[in-house]
Amino acid sequence: MLGEGILKGLAETARNFAGSFVSAERLTTVQYPEERIAPIEATRDFPFLLYDGSDWEAGMRCVACQICEKECPPQCIYIEKSKDKKPDALGKPQFYPARFDIDISVCMSCQICVEVCPFEAIKMDTEFELSTTDRFGGLLYDRKELAKSNEHYHKIHPTEAAEVDARLAEEKAKADAKAKAAAAAAAAKAAAPVQAAVQVQPAKPVQPAGDLTAERETKA
Amino acid sequence: MIEKLDQIFVLLQQWIVGFLPAALQPVAGVVLGVVAIVCVFPGLFALTTVLERKGLGRIQNRIGPNRVGPFGFFQPIADGIKSLTKEDVVPTSADAVVHFLAPVVLVVAVFLGFAVLPMGRNMVLVKMDASLLFYFAIGASTELSIFMAGWSSRNKYSLLGAMRAVAQMISYEVPLLLASVVVVMMTGSLSLTDIVAAQNQYSSGFPHWYVFTPWGFAGFVLFAVAGTAETNRSPFDLPEGESELVAGYFTEYSGFKFALFFLGEYLAMFSISALGATLFLGGWSAPFSFLQWIPSWIWFFGKVMLSIFGFIWVRGTLPRLRQDQLMNFAWKFVLPLSLLNLVVAGLWRFLGVGWERWVVCSAILLAAYVVMGRLGMHREHFGPRRYRYAE
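Respectively, the protein sequence lines represent chains A and B. The letter at position 204 of the first sequence is residue 392 when you use the working numbering, and the numbering goes up by one with no holes. The letter at position 152 of the second sequence is residue 387 when you use the working numbering, and the numbering goes up by one with no holes.
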């Protein structure tokens, strides 16, 4: 009959109206500033710079290779390479960023900088309450504002951070083994200098150069 | 004591007027009444906006506004400050005078309607013999202001919205009037005060409200439908259909003029609710004889708020109609039924007291409703679409 559907609809809305007062699962609203839900692990918004240890300046992983700066599609990263070198976490002397700025008003959260970084030095943050009254300076983050500890990374992306740490540990172990082997070789060299000298000599022919010239000739 | 509480506003008015010289007293009394109406109904409007937003929120399983003040009840104050401080933009090519006048005319016309509504025992601003006629004459002039707004804005959406509004309001004006005519037929008076007085009688505790008769019930339903359309409320809110017309006839309004349109719309809703309550729900009379000690104005405003709740409930339930559905519904369903209702009211009158008239009148109305519903709901069946390609 005419009007049946309207009555059904009215009953449905009445059920919603009354139900929202009694059942918590109907009312799914999260009242944001007071209540919040934990972000899902894959959340990302803007990049930050990782550092190891407790001192952000000493432990910064970034070596100012500027790959991210070149890859960044909206060109929001600005890096100035240092003139001198400082020892990194492994004790190896490295360049470091004298200046590292990200304009997060330009950043499009594409994560390309993270993917191209060979040093696991830049990662995506989950911090989203970034509003500021200064629309230019307040959204241009320098390296101090960008630096965040590895513990923070573990907190926001536990799985990913564990993978990264495992990879870094593996690399470190490899490097250690290599260093050990090199040290052992050096020790052996020191122990038998004559033998080593004999061994070194035939290992230094100028053959590659000869190859190259030959190649060039054939090409011409 | 109870008598005094019932007449508190009348006594208050007399007391204030008593301080003035006799020559000024009639004018002062009217001015006081006007001030009361101009204060109370916008206040009710403020309350309704927040209640509506909260109610609609609950219907959609949301919380609704709850930030400004306790439970969000100061939201209308924030809205008012916002609309007052906003820039008042008038399009360069608009007809500035008409553009300015349209919201003013709307609010004034809607306020005039309240002059004849009895809001309690002895609480009517202008005692007029033809008050129902006055109400409809004034009510029809809101269409003018809406068309003024749409035309003067020089905007295609405004004009389309105004065209729709005028078409819709004129179409529904007819059934609205015809649905009220049954009440005039039975009461034998165009005076709203007399109509309430005729319903304010009780037999074995129950009132003689017109809604409790077959023709009254049908009239009330038709009146409610036509009244919803007349005030451009959902599901008949095509003139301001925001999905296709931005905001309809008040697209080009901003700031306080926009707020005035909003106010006018809600005031029209109150006034049509009040008229519906007066015609069919016994106005300020109590629903049971033993509840008569509660002041009459409480009953009146209670009935108005109840029908406002109905408006909100319907708005939260029904989607907007299409223009052709709207027109078909008005001319092919509501209008014939309201004409039939006139005949039924006449039958009721001449069948005399007894159970026969209940059976006959109910049967006629129910049969007409079912048959016309069947006819109206019958749809052309279109088969699968065939495509013919050029060779």
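Positions of the beta carbon are idealized from the N, C-alpha and C atoms, including for glycine.
In the DSSP assignment, what residue or residues form a beta bridge with LYS311(A)? What you label residue 311(A) is simply residue 123 of the first sequence in a count that begins at 1. Paired residues: PHE236(A).
Would LEU379(B) pass as a contact of VAL340(B) if the rule is Cβ separation under 8 Å? In the second sequence, residue 379(B) corresponds to position 144, counting from 1. In the second sequence, residue 340(B) corresponds to position 105, counting from 1. Yes, these two residues count as a Cβ contact at 8 Å.
Please list, in chain order, the residues of the segment 272 to 302 of chain B that have any C-beta partner in chain A closer than 9 Å. Hits within the stretch, in order: GLY290, GLY292, ARG293, ILE294, GLN295, ASN296, ARG297, ILE298, ASN301.
Taking TRP548(B) as the query, report the chain A residues whose CB atoms sit under 9 Å from its CB, ordered along the chain. Position 313 of the second sequence holds residue 548(B). Correct list: LEU198, THR201, ALA202, PHE205.
Inter-residue CB distance, ALA509(B) and GLY454(B) (contact presumed, cutoff 8 Å): Here residue 509(B) corresponds to residue number 274 of the second sequence, with the count starting at 1. Here residue 454(B) corresponds to residue number 219 of the second sequence, with the count starting at 1. That pair is no contact at about 16 Å.
Nearest-angstrom Cα distance between PHE525(B) and VAL361(B)? Walking along the second sequence from the start, residue 525(B) turns up at place 290. Walking along the second sequence from the start, residue 361(B) turns up at place 126. Roughly 30 Å separates the two Cα atoms.
In this structure, does DSSP put ILE265(A) in helix, strand or coil? Walking along the first sequence from the start, residue 265(A) turns up at place 77. In this structure, ILE265(A) counts as strand in the three-state DSSP scheme.
Residues of the segment 523 to 554 of chain B with Cβ closer than 8 Å to any Cβ of chain A, in chain order: So the list reads TRP548, VAL549, GLY551, THR552, LEU553, given in the order they occur along the chain.
How far does the alpha helix (DSSP H) with SER531(B) in it reach, from first residue to last? The residue labelled residue 531(B) in the question sits at position 296 within the second sequence. From DSSP, the alpha helix (DSSP H) with SER531(B) extends over 531 to 552.
Opposing strand residues paired with LYS336(A) [DSSP bridges]: For the purposes of this step, residue 336(A) is identified with residue 148 of the first sequence, where counting begins at 1. DSSP lists LEU238(A) as the bridge partner or partners of LYS336(A).
Does the segment 315 to 326 of chain B come into contact with the segment 484 to 495 of chain B, if we say contact requires no fewer than three beta-carbon pairs (one atom in each stretch) closer than 8 Å? Output reads yes: the segment 484 to 495 of chain B touches the segment 315 to 326 of chain B.
Are there three or more Cβ pairs, one per stretch, closer than 8 Å when the segment 311 to 321 of chain A is compared with the segment 256 to 272 of chain A? No: fewer than three Cβ pairs fall under 8 Å.
From ALA459(B) to GLY511(B), what distance separates their C-alpha atoms? Locating residue 459(B) in the second sequence gives position 224, where the first residue counts as 1. Locating residue 511(B) in the second sequence gives position 276, where the first residue counts as 1. In this structure, the CA atom of ALA459(B) is about 7 Å from the CA atom of GLY511(B).
Distance cutoff 8 Å, beta carbons only. Does GLY608(B) sit that close to anything in chain A? In the second sequence, the residue the question calls residue 608(B) occupies position 373. Cβ-Cβ to chain A under 8 Å: yes for GLY608(B).
If we define contact as Cβ-Cβ less than 8 Å, is VAL605(B) a contact residue for chain A? Sequence index remark: in the second sequence, residue 605(B) carries index 370 (1-based). Judged by the 8 Å Cβ criterion, VAL605(B) is in contact with chain A.
Per-residue DSSP class, three states only, for LYS366(A): In the first sequence, residue 366(A) corresponds to position 178, counting from 1. Reduced to three states, the DSSP call for LYS366(A) is helix.
How would you call CYS305(A), buried or exposed, if buried means at least 16 neighbouring beta carbons within 10 angstroms? On the first sequence, residue 305(A) is found 117 positions in, with the first residue counted as 1. By the Cβ-count criterion, CYS305(A) is buried, with 16 or more other Cβ atoms from all chains shown falling within 10 Å of its own Cβ.
Under 8 Å between C-beta atoms, does SER208(A) make it to chain B? Indexing the first sequence from 1 puts residue 208(A) at position 20. True, the Cβ-Cβ gap to chain B drops below 8 Å.
Can you list, in chain order, the residues of its chain whose CB lies under 6 Å from that of HIS342(A), leaving out five sequence neighbours each side? Indexing the first sequence from 1 puts residue 342(A) at position 154. Cβ neighbours of HIS342(A) beyond the five flanking positions: ALA349.
Rounded Cβ spacing between ILE194(A) and LEU553(B) (contact assumed at less than 8 Å): Within the first sequence, numbered from 1, the residue matching residue 194(A) stands at position 6. Within the second sequence, numbered from 1, the residue matching residue 553(B) stands at position 318. About 7 Å; that satisfies the 8 Å criterion.
DSSP bridge partner residues for MET248(A) (one or two, in chain order): As a first step, residue 248(A) is located in the first sequence; it is residue number 60 there, counting from the start. Under DSSP, the beta-bridge partners assigned to MET248(A) are TYR239(A).
So, does the CB of MET189(A) fall closer than 8 Å to a CB anywhere in chain B? For the purposes of this step, residue 189(A) is taken as residue 1 along the first sequence, with counting starting at 1. Yes, MET189(A) lies at the interface with chain B (some Cβ there is under 8 Å from its Cβ).
State the Cα-Cα distance for the pair ALA379(A) and ALA373(A), rounded to the nearest angstrom. By one-based count along the first sequence, residue 379(A) stands at place 191. By one-based count along the first sequence, residue 373(A) stands at place 185. Roughly 10 Å separates the two Cα atoms.
Option in LEU556(B), LEU457(B), MET404(B) with minimal Cα separation from SER469(B): Taking the second sequence and counting its residues from 1, one reaches residue 469(B) at position 234. Ranking LEU556(B), LEU457(B), MET404(B) by Cα distance to SER469(B) puts LEU556(B) first.
Backbone CA spacing between TRP245(B) and ILE373(B) [nearest angstrom]: Within the second sequence, residue 245(B) is the residue found at index 10, counting from 1. Within the second sequence, residue 373(B) is the residue found at index 138, counting from 1. Here residue 245(B) is Val; the residue named in the question, Trp, does not match the sequence. Cα to Cα, the separation comes out at about 26 Å.
Roughly how many angstroms separate the alpha carbons of ALA350(B) and ILE272(B), rounded to a whole number? By one-based count along the second sequence, residue 350(B) stands at place 115. By one-based count along the second sequence, residue 272(B) stands at place 37. One C-alpha to the other measures close to 8 Å.
Using 8 Å for Cβ pairs, my map puts PRO530(B) next to GLY268(B). What's the rounded Cβ distance? Residue mapping note: residue 530(B) aligns to position 295 of the second sequence, counting from 1. Residue mapping note: residue 268(B) aligns to position 33 of the second sequence, counting from 1. In fact, because the Cβ distance is near 17 Å, the residues do not count as touching under 8 Å.
Along the alpha helix (DSSP H) that carries ASP559(B), what are the first and last residues, could you check? One-based indexing of the second sequence puts residue 559(B) at position 324. Counting along the chain, the alpha helix (DSSP H) containing ASP559(B) begins and ends at 558 to 563.
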